[in-house]
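Okay, structure first, notes after.
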Amino acid sequence: MRVDVCEVSWGVAEARIVREVSLDCPVGSFVGLIGPNGSGKSSLLRCIYRILQPDAGIIQLDTEDVWRLTARQAAQRIGVVLQEHSGEFDFSVREMVFMGRTPHKTLFERDSSEDVRMVEHALHQVGMLAFAERSFLTLSGGEKQRVLVARALAQQTRLLVLDEPTNHLDIRYQLEVLDLVRALGVTTIAAMHDLNLAALYCDQLYVLKSGSLVASGPPEEVLTPALIQAVYGVQAEVALHPATGRLHVVFLPRCTEVFR
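Here UniProt numbering is used: the first residue of the sequence shown is 1, the next is one more, and so on.
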């Protein structure tokens, strides 16, 4: 699915949280939103997956205005994976993934053999089929995120929206979740804090500061020492990593005297 975000703005009262932001997301691309806390990343994503209605601008999914779709139609196209949270209800892993079939069913429609097949396939894709009868609440953070990705896959989604999906996860699970998403080949828009993960996995980066877009392009063009200093207020060195061939960022301590 191609996604075009054109001059989108959103705010509360007099405060502009998102200011005329445009994104170009080709089919199958992995697009990263980066920027400091409060830069508008999550608000922009909420506009894309229809939690917040923009004050101006348009969001198109394959040329269709997302706000002209019904909630059901939007849910059939967009899968959302947020930061891991424990939840309050003790569903099994299988039940969690079956929730992804809801947009494709009428209110009292029973699960079909095709629904079962899709859920099994989604669990297999994320490596969680063996955990199908486990309680979701007993899983590790990385396992929960894989289940949430499986739920999005069961929706037959063509767009994944990820809001800090690896926040609070240890390094192994951060890599597992992003490896999985990248391998799916589904158009993905992700808000990310870790610049090295963003450089490793994203095709294109969009940098937000105070709600405005300040830079965009491939990671090796965007993540310069000057931009990192201007946006994050820290000094950094950047270079291509010999093992990955991708850009790697090294942050310099603010007070170098303590290391001497």
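Think of the CB as a built atom: it goes at the ideal place given N, C-alpha and C, for glycine as much as any other residue.
- Assignment of D65 by DSSP, reduced to helix, strand and coil, places it in the strand class.
- When DSSP states are grouped into helix, strand and coil, D179 belongs to the helix group.
- DSSP places K105 outside any alpha helix (DSSP H), giving it a letter other than H or E.
- Bridge pairing for K209: S212 [DSSP].
- Remark: fewer than three beta-carbon pairs, one from each stretch, lie closer than 8 Å, so the region 54-65 and the region 212-226 are not flagged as touching.
- With contacts defined as CB atoms closer than 8 Å, L52 and W10 qualify as a contacting pair.
- Around the Cβ of G185, a 10 Å sphere holds fewer than 16 other Cβ atoms; the residue is exposed.
- For R72, the enclosing alpha helix (DSSP H) has its first and last residue at A71 to R77.
- Between the region 175-195 and the region 150-165 there are three or more C-beta pairs closer than 8 Å, enough to call the two in contact.
- Within the DSSP secondary-structure output, T188 pairs in a beta bridge with F30 and L160.
- Taking C-beta atoms as the reference points, Q125 and V177 fail to come closer than 8 Å.
- In the structure shown, A239 adopts extended strand secondary structure according to DSSP, grouped into three states.
- L223 is positioned such that its CB atom lies closer than 8 Å to that of V249.
- The criterion of a C-beta distance shorter than 8 Å is not satisfied by V147 and L180.
- D163 and A15 have their C-alpha atoms roughly 22 Å apart.
- Take the alpha-carbon of Q76 and the one of E114: they are about 16 Å apart.
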